[in-house]
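Residue numbers (the working numbering): 3 to 122.
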């Protein structure tokens with residue numbers, strides 16, 4: 003099954019929109035991180051406040067890590083579109099189904115190869 007130019011354009015626009023959304027979310031997370039406040043070190047907050055800030059910071063870092071991973075997947079998909087190799091399974095070389103790419107535009111593997119990878 004061949005991927006049409008119209009489908010590629012839609013996916014490309016969708017990925018660019020998602021990339022902007024993820025970037026905005028990362029920026030927002032950074033601003034919410036209690037460790038982003040330079041005056042925090044001069045604050046004589048109670049130890050329970052410090053503990054809450056530490057937990058909040060760790061949570062923000064974990065979320066940011068996940069978002070950066072997703073951003074990397076988006077950028078890889080955009081690069082594959084640009085190179086003209088979008089939609090080819092990295093494992094077997096066959097085309098990934100349109101249905102799969104519609105649901106997961108960052109997919110690198112066809113369903114069969116993805117299942118094999120999950121079993122490992």
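All C-beta atoms in this analysis are idealised placements derived from N, C-alpha and C, irrespective of residue type, glycine included.
Because the structure is a prediction, the values reported are computed rather than measured.
- Message: Going by DSSP, what residue range makes up the alpha helix (DSSP H) through residue 10?
- Response: 7-34
- Item | Inter-residue Cα distance where the pair is residue 15 and residue 80 | Cα to Cα, the separation comes out at about 10 Å.
- Backbone CA spacing between residue 122 and residue 98 [nearest angstrom]: Cα to Cα, residue 122 sits roughly 21 Å from residue 98.
- Message: My output table needs one value for residue 96: the three-state DSSP class, helix, strand or coil.
- Response: coil
- Query: Is it right to say residue 87 is buried, meaning 16 or more other beta carbons lie within 10 angstroms of its own, or is it exposed?
  - Reply: exposed
- Message: Does the segment 14-34 come into contact with the segment 61-71, if we say contact requires no fewer than three beta-carbon pairs (one atom in each stretch) closer than 8 Å?
- Response: yes
- Would you list the one or two residues that DSSP bridges to residue 90? 97
- Query: With distances taken from CA atoms, which of 29, 120 and 20 is nearest residue 106?
  - Reply: 20
- Message: Assuming contact is defined by CB atoms lying nearer than 8 Å, are residue 76 and residue 17 in contact in what I supplied?
- Response: Their beta carbons are under 8 Å apart, which means residue 76 touches residue 17 by this criterion.
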